[in-house]
Structure formats: structure tokens, C-alpha cells
Amino acid sequence: MANITERFFDSKEQMTEALAASLESRLTDALATSQRASLMVSGGSSPAPAYKYLSGLDIAWSKVDVAMVDERWVDAGHEKSNEQFIKGTLLQDKAAAANFITMKNAAATAQEGVAECEHAYQQIQRPFDVTILGMGPDGHTASLFPHAEGLEVGLTSEQLVCAINAIESEVTGSITERMTLTLHAIAQSKVVKLLISGEEKLAVYKQASTGGDVNEMPLRAVLQHPDIELEVYWAP
């Protein structure tokens, strides 16, 4: 099992404050002992306020590598691009000086883009200082979706990244190509921060915590990994 610390807050504002303080501390400490620091980031509304706070801090951002946890295989200007979200929240103000590593490249498909993306991620100093994860109501995390094409690679490969074909919507059945960190890569983090909001997702997290098939709820693979230091942040 992962070494799990659960931090439950009374409000999203309290969670944001605690998350931002922790991220600031970890990046500052990393730069005090190493030439570079690394922050692996996810999209979503939960981390956005903390990202915006971080962007204005006097951290040696030119020595910080910021890289995506996962990405849809869409152009950077697309409305659903995580890259666009990160550039609009974190990579502003002082944090604009950070070294940003994107997952999306010029390859026609995510699968064809794996080798180039893997090479880029291999250049990032490991262990990663902080990896931020979200979780979906289906129990997915990063872009490790239940029973997705490519999930087995994502859970068992020793690569850092892999391509995933994930069902974007159960209603329409639309499939979206994505690139994601593998479980192996997530485990190469000093700390993983899992951000959860609302009672519905808390119930999903608790269900995943009881164990079971990782293919059905890939978050279980993170919770069950013996090498992962996991901090769970939850707010209503």
C-alpha cells in the first residue's frame, strides 16, 4: 500500500491555502538542495487557485521544470487542452520563467508521439519533487481510465509516458486520444498530491481505498503502490 496522509478541509479556500503553502515549501526546499526542481501538474478546477497563487511568488522559476501529468491529443490552443489551462493559471507572472515540458508534439497520433514525449520526460530530474493528481467519478486518475486501450501499458510499463484511448463521455461514446504519465512515473515522485472535491468523489475515493480490480478503478493502482508517498486533499 501507498503511505497515505489524508487532509480534509472545511472549504475549498482552506484546501487551496494549504496546498499552495505546501507546494511553495517543497519547491523552495528542493532548490535549496538541488540545481533544479520539478512540478508535475494536472488540469482541473481544484488546483487552479493554488497555481495562480504560486505564479506570483519569488521562486527561482528558471530552475523549475513544470510538466504535464496528462494531456488530450489536441492543439495547445484547443479549449480542452490542459496545456492551455496551465499556461493561463500557473505559467503567468513570475512563474512564466519556468521551463515548461508539454506532452503534445507534432505527431499525428498520441501513439506515434510516445517516443518523442518519452525522450522529453527522461530529461526531467527524478524523483519528481511534486506530482499533482486529480480523480474522476469513474475512478480514473491522470489519463489512466478504466478499461481504456493502453491502460495495461500505463499500469505495467517502465516507460514514463504512454498513449491512452479513453472514452470521454459514456453518453456519446466519444473516444479521445491522450498522453499520460504511467504508474511507474507517478511512483517516481517525492510526494503525490491527490486533489478531491465534493461528497460524490469522496465516496469514489473511499470505494477505491477498499481495494479491488485496478482496471475497473485505476486510482486503486496508485493507492496500492508501495513506493508512493500520497497526500490526499479533500474539500466539500
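Note that this note's numbering has the sequence shown beginning at 4, numbered continuously upward.
Where is the CB? At the ideal position from N, CA and C, for every residue including glycine.
In this text, all values refer to a predicted model and were calculated from it rather than measured experimentally.
Considering only the alpha carbon of each residue, which of the options lies closest to residue i?
| i | options | result |
| --- | --- | --- |
| L233 | E161, P140, L136, P239 | L136 |
| A123 | I189, I89, G214, D68 | D68 |
| T105 | Q114, E115, V72 | V72 |
| V133 | E9, A24, L42, Q227 | L42 |
| N218 | E152, P229, S200 | E152 |
| H187 | N108, E203, V156, E119 | V156 |
| A53 | T159, S28, S65, Q38 | S28 |
| T36 | L205, K66, A110 | K66 |
| I199 | N6, G59, T19, L60 | T19 |
| L57 | K83, A101, Q38 | A101 |
| E242 | G139, I189, I170 | Nothing about residue 242 can be read from this structure; the chain reaches only from 4 to 239. |
| F11 | G215, K204, D216, I231 | K204 |
| L60 | D216, W237, A24, L154 | A24 |
| G201 | E82, D216, G139, A169 | G139 |
Exposed or buried, residue i, counting other C-beta atoms within 10 Å across all chains shown (16 or more means buried)?
| i | result |
| --- | --- |
| T144 | buried |
| T112 | exposed |
| E180 | buried |
| H228 | buried |
| E74 | buried |
| F88 | buried |
| E9 | exposed |
| S177 | exposed |
| T92 | buried |
| S45 | buried |
| A211 | buried |
| E86 | buried |
| S48 | exposed |
| A79 | exposed |
Tell me whether the beta-carbon of residue i lies closer than 9 Å to the beta-carbon of residue j.
| i | j | result |
| --- | --- | --- |
| A1 | A51 | There is no way to answer for residue 1, as the model of the chain reaches only from 4 to 239. |
| A224 | L163 | no |
| I62 | K97 | yes |
| V195 | D141 | no |
| P239 | S14 | yes |
| K55 | Q114 | no |
| K107 | W64 | no |
| Q191 | F131 | yes |
| A70 | G116 | no |
| L197 | V235 | yes |
| L158 | A5 | no |
| A110 | E119 | yes |
Quick one: which unbroken alpha helix (DSSP H) runs of 4-plus residues sit fully inside the segment 94-154? Chain order, please.
113-125
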